[in-house]
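Take a look at the structure below.
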Amino acid sequence: MLSTAQSALPISMRGISKRYGSVAVLKDLDIDVAAGEFLTLLGPSGSGKTTLLMILAGFVRANAGSIRIGGDEVITMPPHKRNIGMVFQNYALFPHMNVFQNIGFPLKQRRVSKAETAARVEKALELVQLGGLADRRVDQLSGGQRQRVALARAIVFEPRIVLMDEPLSALDKGLREHMQIELRSLHRRLGMTTVYVTHDQREAITMSDRIAVMNNGRIEQLDQPEALYARPRTKFVAGFIGESNFIPVECRDGTAWYGGQRLQTASATPATGQHWLIARPEKVRLAGNAGAINGANVLAATVRDVVYQGDSFLCYATLTDGQQIALRDYCRSDVLALIPAAGEPIRLQINPDDATIVAADS
Amino acid sequence: MTAQLADTASHIRAEGPNTEALRTDARREAFSFLALCSPGLILVGLIIVLPIGWLFWLSLFDETGAISGANYARFFEQASYVRTFITTFKVAFLVTALCVLIGYPVTYMLSQIPRRVASICMIFVILPFWTSVLVRTYAWLVILQRKGLVNTWLIDLGIIDQPLPLAHNFAGVIIGMTHILLPFLVLPLYASMRSIDSDYLRAGMNLGAGPTATFWQIFFPLSLPGLAAGIVMVFVLCLGFFVTPALMGGGKVIMWAMRMEQTTSLYSNWGAGSALGVVLLAVTLGLLGLFQWLIGARATSVWGGK
Amino acid sequence: MNTELGLPISHWQRLWLYILGALVLLFLIAPSLIIIPMSFSGSTLLQFPPESWSLRWYEAYFGSVEWRDATIVSVKVAIMTTIVATPIGTAAAYAINSGTLRFSGLINTLLTVALIIPVILVGIGTFFLYAKLGLNNTLTGLVLAHTVQALPLVVLTVLSGLRTYDMNQERVARSLGANRFAAFWQVTMPQIRFSIVSGALFAFITSFDEVVVSLFISGGDTTTLTRRMFSALRDQVDPTIAAISTCLIVLSIVLLSAAQLFGQRRSPK
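Protein chains in written order, with my numbering: chain A, 517 to 878; chain B, 191 to 496; chain C, 183 to 451.
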């Protein structure tokens, strides 16, 4: 089995466009996946992420574009020659074959000897922790087991690249979170370049080296999870990943103004125009709390509602001009003591390092 | 206006890399799929499209070899042709009406009983459907002829003294064709009736309609598309029917298809025979097209599964 | 109470419907079933129920060279029609189902046009064409004509089987290294095998029972069973035909049951 990342291959996609009739599903995409990287395509339905994956696999033909895997152009190569392992959303296990025959299928296509096939199938089963289930029929397996068989089948022939199309969406929450961690550790062990598709941002953040956030056929931002979370570059990304407060600000000479107040931000500010300041609810603090910094970015507000959620609480407040803002914090006794009742005035502060500006109309 | 962000495409290029190669690849794939259809298409073209087109061509020429509408004009001029058409339509209307009269109630019953029982009862419909039309026509001849079953029983029971003429005449043709075409009404109608959600009926009853009113005002209208599909099917098949009128008509019931066979086989008048065929095809397609236009694809989908 | 559908109409209220329905069903099945015991009737006048039982009509059937030859011709043609129509129909159904055909609606219509065109027209048209090609009274001619009539049934049956089949499996197979044909043969075909067999059985029945076109294009050495039956029936009501009819009915029952059996099982155990 693969143990070194050197066997993995990089993927380079340029100018990928796909049209269905007059509807452009993918618009001139460029994306690079490093060898051995775990990259997730994240986006809502209709963003084109599955189409892009299918084009990479060879099942959908792009209208234009170039795909280089390890330097070789593959855009017109049929799927069965691309040597890519794939896990589908509904697993697509062959019901007329048992587990052994399913996993051994790719080896059979490659004319691997019977002895070698048996050995490799057994190894693959152990890797996904299903050792000893080789004789089972597909309809005798649970959902989680089927998912692992699909995985074993996709890696048994040691592909350089693995693609996964929302493989965990059919599992229940507990199993899904467990499998996320398992997939991640499997990826580290085998080191294959992996492209993963999901609409669940939590899943993406948990598993990925980098995430490409897609919307409407374009990649809005391609970055590491922490960067996407802390420094979103568009309003869509800020709203899709985690929760966000959007405060409309006016930029004059590179400074952001809210009402008559100047706001300090960490990221660069556009020179002019109406834009958005993004502050995550958990980054909004009650002024007067330990951690306030020189009174910068302190906003006056009135509490509208406080919602307790067990381990944390949400405080919905209205700023002086009617703008809504939400604050989230853990239910620690010192914090709870400071929360006033609904209708009471409070002062909120956003740490400049936690404040980001994104351009409007993005 | 829009910020130029890294890692995203900033414009849609009219022609990206490899567009030609991809287009050729797509064309090649489409061609190989067409190739899969081609044996079937060639066969259909050879056996159906070509001969019928040829016949249409033939119908435009009269005996002297000149182009004329004589073959078609004859249909209006010669009384025998007019009689043939009248007979054919008479039979078609009568048989269709009978099929509806006895077919609708039995299909309604089948649609209301539990599915498992209905499936078993459907054997009574499907087995005749897949039995050779010759066998069924022969069976009716045996049953209806002068010394046949029906007459023997009726005479034995003393109901009549003379055997009823039920075979080798108009009555025989009607009975035989009704029997053979009944499944063509029952099957699409059954599919249509089964798909009527009984929630509609419950709603009707809940709102105060009794069983009879519920049936006529809710169920019956909903079953009309399936009924219409069945009616069109039966009627169109009646027009072109050959075997049963030929065997049970006793030579007295000359229908369209029989006329066609006579003119071509017996008299080798290909012009007249093909004209008859062309008109039959036109009427058939016209009725199907009219039905399609009136009721739409929703009803014709019941023909999809037989 | 008719509880399955939850309608408060009792079975007693519907008694008239059940009686009428039963009568109609009887009307449908009776002719076919009556012939069976009548064929064992000892006298020339077929009786129901037979007053004397005998196998004479079966002896007349199997003993007659002409009837035997006609049967053999029909069987040969039906088998060959099945062998030709099934792959052609399956390939076409697969192509239509793939969704990559530009005119799939038109192609579907063309392949099933034989169901819509009046058979008599096809009969005289084919006869006319074959006269020019010298295919009248040949096995080849019969097989070609019957295949065209059987094709729609094969296409429709296989198409409906493909529609309930998950095409993702073929895609997976291709991603795992199988080319299109290998993926079809190893993964798709075993799963739609039952639709294909059903279609083949329908093709067989259609060819075996075909009357109208055979009337025109078969004759002499290649007279089909149906052609001979038709001629016999035109002249007089020969009791031998009762025996032949019984055999045909039994054949229909057997083939229908087989098709039902195969059609039921979607996923192989």
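We put the CB at the ideal spot given by N, CA and C, even for glycine. Given the structure is predicted, the values throughout are model-derived calculations rather than measurements.
Run through DSSP, which three-state label would residue i get?
i, result
"K258/C", "helix"
"P861/A", "strand"
"N618/A", "helix"
"R448/C", "Any reading at R448/C must be qualified, since the residue scores a pLDDT of 49, below 50, and its modelled position is unreliable; the value itself is stated next. The answer is coil: DSSP assigns R448/C none of H, G, I, E or B."
"H950/A", "Given that chain A is displayed from residue 517 to residue 878, the structure contains no residue 950/A and the question cannot be resolved."
"G441/B", "coil"
"C847/A", "coil"
"E392/C", "coil"
"R196/C", "coil"
"T818/A", "strand"
"V713/A", "strand"
"T272/C", "helix"
"L333/C", "helix"
"N184/C", "Confidence in N184/C is poor, its pLDDT being 43 and thus under 50, which makes the residue's placement unreliable; the coordinate value appears in the next sentence. Here N184/C sits in strand by DSSP."
"Q625/A", "helix"
"L657/A", "coil"
"D197/B", "Residue confidence for D197/B is low, a pLDDT of 34 falling below 50, so the modelled location carries little weight and cannot support an answer."
"T834/A", "strand"
"N290/C", "helix"
"F577/B", "No answer is possible for residue 577/B: it lies beyond the span of chain B, which begins at 191 and ends at 496."
"I257/B", "strand"
Quick one: which chain A residues come within Cβ less than 8 Å of residue i?
i, result
"L283/C", "Going along chain A, no residue has its Cβ under 8 Å from L283/C, so there is no contact; the nearest lies around 15 Å."
"N279/C", "Under the 8 Å cutoff, chain A gives no residues; its nearest Cβ is about 16 Å from N279/C."
"N350/C", "F604, N606, A608"
Are residue i and residue j close, meaning C-beta to C-beta below 9 Å?
i, j, result
"F390/C", "V257/C", "yes"
"L236/B", "A277/C", "no"
"V678/A", "V603/A", "yes"
"Q487/A", "R749/A", "Given a span of 517 to 878 for chain A in the structure shown, any question on residue 487/A remains unanswerable."
"V285/B", "C428/B", "yes"
"L641/A", "V615/A", "yes"
"V255/C", "L321/C", "yes"
"S249/B", "A465/B", "yes"
"S561/A", "S528/A", "no"
"D274/B", "L375/B", "Reading the sequence as shown, one finds Thr at residue 274/B and not Asp. No, they are not a contact pair."
"A260/C", "Y328/B", "no"
"V654/A", "L609/A", "yes"
"P675/A", "I757/A", "no"
"Q368/C", "F621/A", "yes"
"V336/C", "T272/C", "yes"
Residues of chain B with CB closer than 9 Å to the CB of residue i, please, in chain order.
i, result
"S214/C", "L317, P318, T321, V325, R326, A329"
"T308/C", "I237, I238, P241"
By the criterion of Cβ-Cβ separation under 8 Å, what are the contact partners of residue i in chain C?
i, result
"F673/A", "L358, G359"
"G430/B", "P300, V301, I302, L303"
Along chain B, which residues have their Cβ under 7 Å away from the Cβ of residue i?
i, result
"T329/C", "L233"
"A578/A", "L212"
Please list the partners that residue i has in chain B, where partner means a Cβ-to-Cβ separation under 8 Å.
i, result
"A142/C", "The question about residue 142/C has no answer here: the residues shown for chain C are numbered 183 through 451."
If the cut is a Cβ gap below 9 Å, which residues of chain C does residue i touch?
i, result
"Q335/B", "V419"
"R669/A", "V354, L358"
"M602/A", "R353, V354, S357, L358"
"M383/B", "Under the 9 Å cutoff, chain C gives no residues; its nearest Cβ is about 12 Å from M383/B."
Could you check if residue i belongs to the surroundings of the ligand GDP, using beta carbon to heavy atom distance under 8 Å?
i, result
"P300/C", "Questions concerning the ligand GDP fall outside what the structure shown contains, since it holds no ligand whatsoever."
In chain C, what lies closer than 7 Å to residue i by C-beta?
i, result
"F575/A", "R353"
(message) Which residues of the stretch 382-416 of chain C have a Cβ closer than 7 Å to any Cβ of chain B? Give them in chain order.
(response) Contacts with chain B (Cβ-Cβ distance below 7 Å) from the stretch 382-416 of chain C involve I387, D391, V393, V394, T408, M411, F412, L415, R416, listed in chain order.
(message) Short of 7 Å Cβ to Cβ, which residues in the stretch 207-222 of chain B face chain A?
(response) If the cut-off is 7 Å between Cβ atoms, the stretch 207-222 of chain B has P207, N208, T209, A211, L212, D215, A216 near chain A.
(request) Scan the stretch 580-595 of chain A for residues whose Cβ lies nearer than 7 Å to a Cβ of chain B and list them as they occur along the chain. (result) Of all residues in the stretch 580-595 of chain A, the ones placed with a Cβ closer than 7 Å to any Cβ belonging to chain B are A580, G581, S582, I591, T592, in chain order.
(message) What ranges does the alpha helix (DSSP H) occupy inside the stretch 328-374 of chain B, keeping only unbroken runs of at least 4 residues that lie completely in it?
(response) Entirely contained in the stretch 328-374 of chain B, the alpha helix (DSSP H) runs reaching 4 residues are, in chain order, 339-346.
(request) Check each residue of the stretch 522-533 of chain A: if its Cβ is closer than 7 Å to any Cβ of chain B, include it; give the result in chain order. (result) If the cut-off is 7 Å between Cβ atoms, the stretch 522-533 of chain A has R530, G531, S533 near chain B.
(request) Return the residues of the stretch 541-572 of chain A that lie within a Cβ-Cβ distance of less than 7 Å from chain B, sorted by chain order. (result) Flagged, chain order: K543, D544, L545, D546.
(request) May I ask you to list, following chain order, the residues of the stretch 365-376 of chain C that have a beta carbon less than 8 Å from some beta carbon of chain B? (result) From the stretch 365-376 of chain C, no residue has a Cβ closer than 8 Å to chain B.
(message) Short of 9 Å Cβ to Cβ, which residues in the stretch 614-634 of chain A face chain C?
(response) Cβ contacts with chain C come from F621, P622, L623, K624, Q625, R626.
(message) So within the stretch 214-252 of chain C, which uninterrupted beta strand (DSSP E) runs reach at least 3 residues, ignoring any that extend past its ends?
(response) Listed in chain order, nothing qualifies, since the stretch 214-252 of chain C has no complete beta strand (DSSP E) run of 3 or more residues.
(request) Taking only runs that begin and end inside the stretch 747-792 of chain A, name each unbroken beta strand (DSSP E) of 3 or more residues, in chain order. (result) You should have 761-768, 771-774, 777-779.
(message) If the cut-off is 8 Å on Cβ atoms, which residues from the stretch 285-296 of chain B count as contacting chain C, listed in chain order?
(response) If the cut-off is 8 Å between Cβ atoms, the stretch 285-296 of chain B has I292, G293, P295, V296 near chain C.
(request) Could you run through the stretch 316-348 of chain C and flag, in chain order, every residue whose CB is less than 9 Å away from some CB of chain A? (result) Within the stretch 316-348 of chain C, the qualifying residues are D348.
(request) Could you pull out every unbroken alpha helix (DSSP H) segment of at least 4 residues lying fully inside the stretch 377-424 of chain B, listed in chain order? (result) If you keep only unbroken alpha helix (DSSP H) runs of at least 4 residues inside the stretch 377-424 of chain B, you get 388-396, 401-404.
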